[in-house]
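First to last, the protein sequences are chains A and B. Quick note, my numbering runs 198 ahead of the 1-based positions in the first sequence. Quick note, my numbering runs 259 ahead of the 1-based positions in the second sequence. Ideal Cβ placement from N, Cα and C applies to all residues, glycine included. No experiment lies behind these values; they were computed from the predicted model shown.
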Amino acid sequence: MIGRWLAGNRGFAVAIALFAVLFVTYNLMHTRGFSTAVLVQNANESVAIGFVAMAQTVPVLMGGLDLSVGAVMTLSACIASVMVNGTMGEIVFGAFVTLLAGTSFGFMNGLLVVYGRIQAIIATLATGAIAIGLALLIRPEPGGDVDGDLGWALTNTVWDFADTYGLAQGGEAAWLQPFINIPVPLILQFGIACLVWLPIKRTVTGMTIYAIGSAEGAAFVSGLPINRAKILAYTLSGFFASCGGLYLAIQTSSGNADMVQAGAYTLNSIAAVVLGGTALLGGSGGVIASLVGALILRVISFYFRILDIDPLLQPLIEGLVLLAAVSFGAGRTFSIRNRLELFR
Amino acid sequence: MSRLGTLSAADRPLVIAFGFILVILAVGTVYTLSTTGTMPLLTPKYLLLQLQTGSFLGICAAGLMAVILIGHIDLSIPWTLTAAAMIGTAVGGPGAVPAALAVGLCVGLINGLGVAVLRIPSMIFTLGLDTVLRGLMVAQTGGYAPQDAATPLMLTLAKSSILGFPAALFVWAAVSVAVAFLLSRTTFGRALYAIGTRERAAYLSGMRTTRVIIGAFVLSGLCAALAGALLAGYSAKAYQGMGNAFLLPAIAAVVLGGTNVLGGRGRYAGTLIGVVLIVLLNSVLSIMQMPEALRQIIYGSVIIGMLLIYGRGDRVTS
């Protein structure tokens with residue numbers, strides 16, 4: 199059973215092992231390692247990149263690419279920085295509008311790719327520029343006004359969440375005790391990933407996403423709903439990206455239409471997808487795997503803090519780690535018997 | 260549309276893009292006529308100035324086109340350009356431009372080896388190398404703009420004018436002639452198209468696909484490095500992030516010129532027209548004092564709109 203799972207998910211298994219080793223070593227070296235405070239801080243810093251990596255995964259699974267994820271995340275964060283405040287009702291409405299905006303943007307990407315028949319790379323490159331433009335219109339200057347209670351509740355532990363909103367006797371209820379030290383961001387991230395992706399993956403449309411990545415022609419002649427699957431993939435991408443944007447706005451209680459930052463998020467999302475073991479050519483991998491990939495990227499940057507590495511060397515080390523990670527998987531190129539198998 | 264229908268498929272993007280350039284010029288001129296009563300856009304001096312600043316983009320796009328033709332992409336252009344400019348100005352003297360080109364050559368070789376030999380998707384490998392180059396340059400310069408000034412040769416190439424034309428234009432023209440010749444008159448060029456169409460078939464017909472792919476990346480690296488040396492001359496020094504503004508416009512220029520992003524199809528004349536289109540679009544938007552937000556939206560919409568007209572791919576049916 200485990201052997202079979204390993205055979206089919208080698209990249210994912212390697213990613214989990216790598217993350218476990220990196221994270222445990224990090225905590226051993228940290229003066230306050232294995233404490234709730236460190237865990238909460240780490241979890242908070244991983245949410246945005248985690249969501250963007252998830253967003254990138256779905257199009258990559260079908261051999262596509264979404265270069266607008268960072269921009270859609272930025273746009274969502276800017277919308278949230280304007281809308282998510284006031285009464286409880288207004289906050290929920292604002293969050294809903296934020297997610298709806300990002301999801302519709304993804305839906306539009308899907309329509310452009312399917313019915314406009316524009317290559318995904320260039321279509322999302324262009325819509326990414328549009329998203330940044332809209333974000334700049336909404337928030338010309340960085341800033342914002344996001345509900346402070348919500349920010350506190352969502353960026354700390356379960357106990358703080360219950361305490362803030364007076365739930366479960368202010369966090370003192372007996373049934374809550376086993377969970378009080380779990381960071382809320384971790385629950386949100388894995389919760390959304392599992393509740394949204396896993397059910398969708400099991401539908402025909404969800405499986406068609408994988409089928410397109412393996413062999414689009416075969417998927418077509420098998421009568422699979424190709425157009426629906428492609429539109430779904432980009433819509434999901436927009437949804438996950440806007441989740442990241444919404445969280446980023448809540449966490450920083452502001453929005454910032456920063457083009458450079460949006461680009462960095464998009465690039466890191468591709469790196470996270472690769473680190474998680476999803477094939478860039480499509481067909482194998484998964485959203486949860488990319489989440490682990492994103493966590494690996496973040497842990498590497500946590501090391502810079504405790505190791506006292508010259509900040510000037512950080513970009514170099516980040517780049518070398520990324521190159522090493524992608525080259526690591528290239529070993530099979532040399533063990534292949536028939537060179538023709540290298541070409542698609 | 261009937262006229263367009265009679266054009267060959269390869270010519271349509273060129274004609275439409277050229278038509279759009281005229282539209283941009285017309286809109287810009289109407290705007291300046293209505294606000295100041297002058298038509299600066301249509302004066303040769305202004306157009307030459309625009310083309311001079313566009314030549315850096317044009318040189319990047321020329322090299323990038325070779326990579327896109329084989330169905331790959333080079334995302335390392337920004338920091339190849341910056342690194343070449345920084346190393347070039349740091350070496351200084353007569354060795355400055357060769358040093359810059361050597362940087363481009365090395366980057367291209369590494370990219371090519373990673374993509375052709377290790378078979379790592381170019382999207383991720385060139386991206387990784389871009390990050391490494393950024394890291395190297397940050398480590399070397401301490402994150403500040405380097406103090407080294409551009410050499411006289413760089414200044415001459417980028418800023419002086421010959422026979423009334425900016426020298427940078429001549430460099431761009433020379434690169435263009437060389438690339439156009441490579442693409443259409445050499446086995447290397449034909450191999451690029453063959454690999455972009457079907458790498459498997461190209462390999463089976465005896466082409467040395469590995470060498471050709473490495474060659475394409477070397478060409479892209481060299482072009483980016485040359486653009487870096489020129490840009491350092493134009494601004495009289497090298498600075499952090501000087502290449503960031505070139506990657507996306509270069510991709511857009513190549514694709515708007517009718518080159519298929521998946522490789523195998525495209526003509527150099529199209530890339531030239533694409534570069535001119537992007538440059539003029541930018542300059543008209545800045546004449547109109549368009550805020551950055553609207554510029555981004557217009558920029559994205561134009562690319563989408565043009566591709567909806569002629570960049571539509573084929574449906575997969577088998």
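Check: Which same chain residues, not among the five before or five after THR348(B), have their C-beta less than 6 Å away from its C-beta?
Finding: ASP407, ALA409, ALA491 and ALA497
Notebook entry, point to check: With which residues is PRO381(A) paired in a DSSP beta bridge?
Noted result: THR355(A)
Notebook entry, point to check: Where does PRO337(B) sit, in a helix, a strand or coil, going by DSSP?
Noted result: helix
Next item on the list: Going by DSSP, name the residue or residues bridged to LYS496(B).
Entry: ALA408(B)
Checklist line | Inter-residue spacing [alpha-carbon to alpha-carbon] between ALA194(A) and MET271(A) | finding: Summary: the structure shown does not reach residue 194(A), with chain A confined to residues 199 through 542, and so no result is reported for it.
Check: Hey, CYS482(B) and VAL434(B) are a contact pair by Cβ (cut 8 Å); roughly how many whole angstroms apart?
Finding: About 7 Å; that satisfies the 8 Å criterion.
Next item on the list: May I ask which residues mark the beginning and end of the alpha helix (DSSP H) holding SER314(B)?
Entry: 303-328
Check: Are any of the Cβ atoms in chain B nearer than 7 Å to that of VAL472(A)?
Finding: yes
Notebook entry, point to check: Hey, is LEU520(A)'s beta-carbon within less than 7 Å of any beta-carbon in chain B?
Noted result: Answer yes: the Cβ-Cβ gap between LEU520(A) and chain B drops below 7 Å somewhere.
Item checked: Beta-carbon proximity list for LEU220(A), same chain, < 6 Å, skipping 5 on both sides -> VAL497
Checklist line | Range covered by the alpha helix (DSSP H) that runs through SER412(A) | finding: Where SER412(A) is concerned, the enclosing alpha helix (DSSP H) stretches over 402-412.
Notebook entry, point to check: Less than 7 Å separating the beta-carbons of VAL520(B) and GLN317(A)?
Noted result: Yes, the pair counts as a contact, with Cβ atoms nearer than the cut-off.
Next item on the list: Pull up the distance between the alpha-carbon of ALA276(B) and that of GLY423(B), whole angstroms please.
Entry: 28 Å
Notebook entry, point to check: Grouping DSSP H, G and I as helix and E and B as strand, with all else coil, what is ILE379(B)?
Noted result: coil
Notebook entry, point to check: Quick one: which chain A residues come within Cβ less than 7 Å of VAL520(B)?
Noted result: Here the neighbours are GLN317, ILE319 and ILE320.
Notebook entry, point to check: Buried or exposed: which applies to LEU204(A), given that a residue is buried once 16 or more other Cβ atoms fall within 10 Å of its Cβ?
Noted result: exposed
Margin query: Measuring straight from C-alpha to C-alpha, what distance separates VAL535(B) and MET298(B)?
Written below: 19 Å
Notebook entry, point to check: Excluding the five sequence neighbours on either side, which residues of its own chain have a C-beta within less than 6 Å of the C-beta of MET306(A), listed in chain order?
Noted result: Around MET306(A): no qualifying Cβ.
Notebook entry, point to check: Between the beta-carbon of ARG426(A) and the beta-carbon of THR403(A), is there less than 7 Å?
Noted result: Against a cut-off of 7 Å, the Cβ pair of THR403(A) and ARG426(A) comes out as a contact.
Next item on the list: Going by DSSP, name the residue or residues bridged to SER420(B).
Entry: PRO425(B)
Margin query: Can you check whether the C-beta of GLN311(B) is within less than 7 Å of a C-beta belonging to chain A?
Written below: Chain A contact via Cβ: absent.
Notebook entry, point to check: Any beta-carbon of chain B closer than 7 Å to the one on ALA241(A)?
Noted result: no
Note to self: Tell me which residues share the same chain as GLY341(A) and place their Cβ nearer than 6 Å to its Cβ, disregarding the 5 neighbours each side in the sequence.
What the structure shows: Taken in chain order, the residues that qualify are SER452.
Checklist line | Residue closest to MET382(B), alpha-carbon to alpha-carbon, out of VAL438(B), PHE476(B), ARG571(B) and SER314(B) | finding: PHE476(B)
Notebook entry, point to check: Expressed to the nearest angstrom, what Euclidean distance is found between the alpha-carbon atoms of ALA431(B) and VAL312(A)?
Noted result: A quick correction: the sequence has Trp, not Ala, at residue 431(B). Those two C-alpha atoms are separated by around 37 Å.
Next item on the list: Please state whether DSSP places GLY206(A) in a helix, a strand or coil.
Entry: Correct three-state label for GLY206(A): helix.
Check: Among GLY287(A), SER279(A), VAL485(A) and VAL236(A), which has the Cα closest to the Cα of ASP343(A)?
Finding: SER279(A)
Margin query: Under 6 Å: does the beta carbon of PHE315(B) sit that close to some heavy atom of the ligand SAH?
Written below: Among the components of this structure there are no ligands whatsoever, and the ligand SAH is therefore not found.
Check: Which two residues bound the contiguous alpha helix (DSSP H) that contains THR294(B)?
Finding: Element bounds for THR294(B): 271-294.
Margin query: Once DSSP output is grouped into helix, strand and coil, what is the label at GLY341(A)?
Written below: If DSSP states are grouped into helix, strand and coil, GLY341(A) belongs with the strands.
Notebook entry, point to check: Mind pulling the alpha helix (DSSP H) runs of 4 or more residues that sit fully within the region 469-519 of chain B?
Noted result: 506-515
Margin query: Residues in the same chain with beta-carbon distance under 7 Å from PHE258(A), minus the five sequence neighbours each way, listed in chain order, please.
Written below: Note on identity: in this sequence residue 258(A) is Val, with Phe being the wrong assignment. Cβ neighbours of VAL258(A) beyond the five flanking positions: VAL471, THR476, LEU478 and GLY480.
Margin query: Going by DSSP, what residue range makes up the alpha helix (DSSP H) through ARG449(B)?
Written below: Unbroken alpha helix (DSSP H) run through ARG449(B): 446-456.
Note to self: Quick check: is the beta carbon of TYR498(B) nearer than 7 Å to any beta carbon in chain A?
What the structure shows: no
Item checked: Counted within 10 angstroms of its Cβ, other Cβ atoms place PHE438(A) as buried (16 or more) or exposed -> buried
Check: Going by C-alpha distance, which of TYR305(B), GLY525(B) and ALA484(B) is nearest LEU360(B)?
Finding: Ranking the options by Cα distance to LEU360(B), first place goes to ALA484(B).
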